[in-house]
Every structure is written in structure tokens, then in C-alpha cells.
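Residue numbers (this note's numbering): 6 to 183.
All C-beta atoms in this analysis are idealised placements derived from N, C-alpha and C, irrespective of residue type, glycine included.
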Amino acid sequence: EYTRATWYVQKQQVNAYQPATELYCVTATYNLENGKVPLFGGPVISVYNRATKENMNDQINGGVLCARIADASEPDKFSVAPCFLPNIFAGPYWPIYLETNANGEYTIVVVSGGQPDVVLSENPTICTTKERGINNSGLWILARDPEADPAAIARAEAAMLSMGVGTSELADVPQGTQ
């Protein structure tokens, strides 16, 4: 179900590979394409990320990445990296909240780029992920609809806070014409 259709980023935290100037029309598409990763024999999901720079003229197409479940005992925790890199160099990509519609289709997901361990100054019991570095960074709210229901986004943010994951560093990501 996760790979059924494109995800549209609604909010996200700036990170080393996605600066604020590139947080426009950000999408992620996941496909089962029988990709291969060195030293790994499990299933691989191809990841296609797209964004537009703030001038809305320059589209950014990231090269294909490969998501894999590196630890079978934690099937909800993916590791993601360029496909030519083995798992040891892959970064965490963990769905931590998920909403479905009446048909059981995924509609909203919150993804953390690893364990949130950066304490936010406004509340020492709330953490986020780091903004620097490639791995263990990144925090996203994604939806199947480019213009997600604001109530669904609010529910996702409330769920994050209930888990001790901060929302104050999330930036709105406009979804316009691509």
C-alpha cells in the first residue's frame, strides 16, 4: 500500500540535503522494481524524490535511491541510500504515524529520519531529528493528496507531540503546479 501512489510532502524539517530553498512541490514515489543493493538479498523499493526550487522554475530530481528493510525484526523501519551503497551506509527512514481512509488506503504518514534525539529548547521533553548530516536527519508529514485536509495534518502533528516528537521546526511545503 505504501508504494501504491505518490506521496506529497505537506510539512518537513530542513536537513542537509533539503534546504529551505528547495521545499516546494516536494514529492516521493516508491516503486517495487526488483532493484539490487550490494551485500543485501532482501526486497528493495526504488525511491524517486522530486522538488522545485523557490523560483518555481528549477526542478530537482534526485537520483534513484533504494529503500530496504535491513533488520527483519523491525519491518517498519527502512534504510535508504543510493542503490550502489550497502546497508551500512544507508540512513534510517521510519514511518512513525499512519492514517488510513475507510478503504484501508494510506492517506497520511509521518516519517522520521531516525530516532529524534535533538532536544528542543521550548520543551525539554520534546525532541526532533538533526538538521545537519545525511543520516539520522529529516522529519516529514506526507499525504496522498497534494492539498491535504488541514484536520489530517493537525492530527498528525498531535500524534507527533504525543510521541515526544517536535513539530516547531517543520516548514510548510507548498504543492503547486509541477
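Near residue i, what residues of its chain come up, given a Cβ to Cβ distance below 7 Å and the 5 sequence neighbours on each side ignored?
| i | result |
| --- | --- |
| Val123 | Cys132, Thr133, Thr134, Lys135 |
Quick one: residues in its chain with C-beta nearer than 6 Å to the C-beta of residue i, no 5 flanking neighbours on either side, listed in chain order?
| i | result |
| --- | --- |
| Asn54 | Ala33, Gly67 |
| Ala56 | Glu27, Val31, Ile65 |
| Ala153 | Gln15 |
| Trp12 | Ala33, Leu147 |
Give me whichever residues DSSP pairs with residue i in a beta bridge.
| i | result |
| --- | --- |
| Leu70 | Val52, Pro87 |
| Arg133 | Arg is not the amino acid found at residue 133; the sequence shown has Thr there. Its beta-bridge partners are Val123. |
| Leu147 | Val14, Val114 |
If I follow the unbroken beta strand (DSSP E) through residue i, where does it start and stop?
| i | result |
| --- | --- |
| Ile158 | Not the beta strand (DSSP E): Ile158 falls in the alpha helix (DSSP H), residues 155 to 167. |
| Pro100 | 96 to 105 |
Restricting to Cα atoms, I'd like to know which of the options is closest to residue i.
| i | options | result |
| --- | --- | --- |
| Arg73 | Trp99, Ala157, Ser142, Glu104 | Trp99 |
| Ala161 | Glu79, Pro129, Ala75, Gln17 | Gln17 |
| Val178 | Val19, Glu6, Leu90, Ala159 | Val19 |
| Thr105 | Glu59, Glu127, Leu147 | Leu147 |
| Leu175 | Ile139, Ser117, Pro129, Arg149 | Ser117 |
| Glu79 | Cys71, Pro97, Pro87 | Pro97 |
Tell me whether residue i counts as near the ligand NAP, meaning its Cβ is closer than 7 Å to at least one heavy atom of that ligand.
| i | result |
| --- | --- |
| Asn92 | In the structure on display, the ligand NAP does not appear, and there are no ligands present to speak of. |
Residues in its own chain within less than 8 Å of residue i by CB, not counting five upstream and five downstream?
| i | result |
| --- | --- |
| Gln183 | At Gln183, the pLDDT of 45 sits below 50, so the modelled position is not reliable and the matter cannot be decided from this model. |
Helix, strand or coil, according to DSSP, for residue i in the structure here?
| i | result |
| --- | --- |
| Asn60 | coil |
| Ile139 | coil |
| Ala75 | coil |
| Asn39 | coil |
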